[in-house]
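Enquirer: Residue numbers (this note's numbering): 487 to 1256. Starting off with a structure, shown below.
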Ligand SMILES: Cc1ncc(C[n+]2csc(CCOP(=O)(O)OP(=O)(O)O)c2C)c(N)n1
Ligand SMILES: [Mg+2]
């Protein structure tokens, strides 16, 4: 860790004001000056920015080391852009196009912004938690000898106080405590306002206890130097000030000096404890707004005092809209200054009309040199780091042998075989699971590769020679990160590990496992991981109603529909072990490919007879989303279209119906997601002059244009029923629309119409005259 530098406080104060101006101006320009083509609100958050400019100036121009990484509160995005503008790494053009197509993004975005953004933010709470998991990934890389001490950094989250209501933050700190996570600074912009209102007073006093219980140091940065001195001198005043509610404080900040005087007199008497006579109204306003988060000396001291690696929560008191006309007003969250107010601010800051975009406008004399020197000295990266891909040659992954297998069991076998074979890919795989390691079949892999912990944990059961299939000793070399039952943490862990190449220059191949229904529990976190283009393999098992007696509550219906609508995530649903092996191989390649993506494998615990293959002809189609498991006859009038674990029912029905329905085909769909994407992409390409039909169009054009499709999947029927729309063929969709009943497979398949009878009825429905 780098030592803090001695910094010119006056220059930092100037930078604070520059950031306040530039962020407000960027938002103003987008709303009031730039031509609006559609009349839509542009928006932006001048108050949320003004709240943080001192904190961010102190960080970026003083405290940050070159390896430190920051998640910036989404609504302070313009301040981050202003910082890079001052550094010379953001263009005026991008700021003028703030919230416009291709311009600086509304909220910091790793993938869309041209400046280096360490972590995207937007959905509050998630950007906070990813810093913790990124720190854990750093520890993992160090422990595995993939990172040198000098390259290690600190992970910083700039947090809105209302953001602390998001439960995922507490899930994260509990997990962090278990893993003894280090090198975190979480800085709360405690402006006591949310979007709708002022925030609850009561709860806030509890936050420090919660964090301390999880091993954090809590530093309250409450008062600036001036205010602290005044309150120390006047004990009654201090007691009075500290009992003001959040709403009262905000209202007084908004109303200003005269209101402060009136209220002080009312509560403390005419003399205000002997204090009022020393201050005029303006002096009072300036004194009472001197909160810690706006006082540069206080901030620099607080940051300098926290140079060890203990996770630290700074509660920096601020005023939302500090220095702007709506400071403290409870409705200021999306408030925008009008042109008159903006002109007044411009004048008060010494910015000349027509010179609004000048980086160091109004900074003159000796100060200019000091400010320029400080900007020059800032240790943060000016340009984006190149994403690293192509680390590993992914070896061919053979299918596990066995005439009868489940995809879940095959998954465990493939990982075990990979581990035994060893090699670069196996060494870079990191697995993780929220307390379902054993029940998702990762156990054998973990026995081989071990649990990861920075400090060794003995396997007490093994030491005591108590028989157990699981060896749970943990140490530095382990490759499995065991999580508590919090699916959101799983996805944020996958996001952090899946960005390891970007953040640390070291590619990891993260694999996360969970039960399919619980994807929904962490859905926004999964979306967050995909939004940042983190790369990982998500294995969801068991799935559907096929888990049978294991429990109605664990049945899953809609994840294939979720996957259909989730960019950055490819859904594969194999029926057979050889398909799974091909898909895992592909998913590892996709992780390490610049144009790749993450993969979601939906697996099952049902053991089924494997099919005999004449050759490898199925493979390409299976990886593209589907293939004919039983070829249709020329211009066939019907096909069964099946996905995943119900393939035995589809095959049996095909055998039974083939005599009566000549040319009946059986299409195995391995990815509705890929088929749909290919279909829409081919349509778009045709408009651009291309001729190629998509994979799904080619598959279905083997049938008659008037053919009927009976689609069947252990999932919502809409996962496949859309196939009728591709060429206008008719569909009888089978699938699961209700859930919750436990039973044997035969009972459930009959009750939910996933069996041969239902397929026969479907074919009849399509082929027989009404
Ligand atoms: C998950 C999520 N829910 C809701 C929102 C909408 N939202 C944006 S900011 C905000 C309030 C933020 O208040 P605070 O965290 O205190 O930030 P401030 O602007 O006061 O600094 C809300 C509700 C969001 N961005 N993300
Ligand atoms: Mg707030």
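Yeah, the Cβ is synthetic: ideal placement off N, Cα and C, and Gly gets one too.
Could you tell me the alpha carbon to alpha carbon distance between residue 1093 and residue 920, rounded to whole angstroms?
Expert: 25 Å
Enquirer: Since residue 1213 contacts residue 1240 with CB under 8 Å, what's their CB separation in whole angstroms?
Expert: In this structure residue 1213 does not touch residue 1240 by the C-beta definition: roughly 25 Å separates them, more than the 8 Å allowed.
Enquirer: Using three-state DSSP, classify residue 487 as helix, strand or coil.
Expert: At residue 487, the pLDDT of 43 sits below 50, so the modelled position is not reliable; the number obtained from the coordinates is stated separately. Residue 487 falls in the coil class under three-state DSSP.
Enquirer: Only counting the same chain, and skipping five residues up and downstream in sequence, which positions put a Cβ closer than 7 Å to that of residue 602?
Expert: Closer than 7 Å at Cβ, skipping near neighbours: 867, 869, 870 and 871.
Enquirer: If distances are taken between C-alpha atoms only, which option among 660, 615 and 667 comes closest to residue 628?
Expert: 667
Enquirer: Give a yes or no on contact between the stretch 671–681 and the stretch 635–655, applying the rule of three or more CB pairs nearer than 8 Å.
Expert: yes
Enquirer: So, at 6 Å on beta carbons, what are the nonlocal neighbours of residue 827 in its own chain, with the 5 sequence-adjacent residues on each side left out?
Expert: 811
Enquirer: Please name the residue in 971, 796 and 822 whose C-alpha comes closest to that of residue 656.
Expert: 971
Enquirer: Nearest to residue 973 by alpha carbon, out of 696, 918, 924 and 770?
Expert: 918
Enquirer: In angstroms with no decimal places, state the Cα-to-Cα distance between residue 848 and residue 1057.
Expert: 55 Å
Enquirer: Could you tell me the boundaries of the beta strand (DSSP E) in which residue 707 lies?
Expert: Note, residue 707: beta strand (DSSP E), 703–707.
Enquirer: Looking at the structure shown, is residue 670 part of a helix, part of a strand, or coil, going by DSSP?
Expert: In the structure shown, the three-state DSSP call for residue 670 is strand.
Enquirer: Could you check whether residue 1031 and residue 1126 sit closer than 8 Å to each other, using their CB atoms as the reference points?
Expert: no
Enquirer: What residue does the beta strand (DSSP E) around residue 968 start on, and which one ends it?
Expert: Its beta strand (DSSP E) spans residues 966–969.
Enquirer: Is any non-hydrogen atom of ligand 2 found closer than 7 Å to the C-beta of residue 1061, if you look at the structure I gave you?
Expert: No; taking the cut-off as 7 Å, the Cβ of residue 1061 has no heavy atom of ligand 2 nearer than that.
Enquirer: Below 8 Å on the Cβ atoms is my guess for residue 806 versus residue 824; work out the distance and round it to an integer in Å.
Expert: That pair is no contact at about 18 Å.
Enquirer: Distance, Cα to Cα, residue 1090 vs residue 1158?
Expert: 17 Å
Enquirer: Do residue 975 and residue 661 come within 8 Å of each other at the CB atom, strictly closer than that value?
Expert: Result yes, Cβ atoms of residue 661 and residue 975 sit closer than 8 Å.
Enquirer: Do you know whose CA, among 583, 608 and 584, lies nearest residue 595's CA?
Expert: 608
Enquirer: Give every residue of the same chain whose Cβ lies closer than 7 Å to the Cβ of residue 1003, excluding the five residues on either side of it in the sequence, and list them in chain order.
Expert: 1040, 1041 and 1042
Enquirer: Contact defined as beta carbons within less than 8 Å: I believe residue 984 pairs with residue 996. What is the distance between those atoms, to the nearest angstrom?
Expert: 5 Å
Enquirer: Residue 730 and residue 747: beta carbons closer than 8 Å?
Expert: no
Enquirer: Any idea what DSSP makes of residue 1254, helix, strand or coil?
Expert: coil
Enquirer: Following the continuous beta strand (DSSP E) through residue 1060, name the residue where it begins and the one where it ends.
Expert: It is not in any beta strand (DSSP E) - residue 1060 carries neither H nor E in the DSSP assignment.
Enquirer: Would a C-beta distance cut-off of 8 Å place residue 899 and residue 884 closer than the cut-off?
Expert: no
Enquirer: Residue 1235 lies in the alpha helix (DSSP H); which residues open and close that run?
Expert: 1231–1237
Enquirer: Rounded to a whole number of angstroms, what is the C-alpha to C-alpha distance between residue 1156 and residue 1108?
Expert: 6 Å
Enquirer: Can you find the residues in the same chain that come closer than 7 Å, C-beta to C-beta, to residue 933, ignoring five residues on each side of it along the sequence?
Expert: 956 and 957
Enquirer: Measuring only from the beta carbon, is residue 608 closer than 7 Å to any heavy atom that is part of ligand 3?
Expert: Inclusion of ligand 3 in the displayed structure is not the case, the ligand content consisting of ligand 1 and ligand 2 alone.
Enquirer: Can you tell me whether residue 494 is helix, strand or coil according to DSSP?
Expert: coil
Enquirer: Any chance the CB of residue 679 is under 7 Å from a heavy atom of ligand 2?
Expert: yes
Enquirer: Which whole-angstrom value is the C-beta distance of residue 1052 and residue 1013, which I expect to be below 8 Å?
Expert: The beta-carbon separation of residue 1052 and residue 1013, rounded to 7 Å, stays under the 8 Å limit for a contact.
Enquirer: Following the continuous beta strand (DSSP E) through residue 1129, name the residue where it begins and the one where it ends.
Expert: 1122–1129
Enquirer: Hey, how far is the Cα of residue 1163 from the Cα of residue 1173?
Expert: Rounded to whole angstroms, the separation of the alpha carbons of residue 1173 and residue 1163 is 16 Å.
Enquirer: Out of 659, 721, 665 and 725, state which residue places its alpha-carbon closest to the alpha-carbon of residue 695.
Expert: 659
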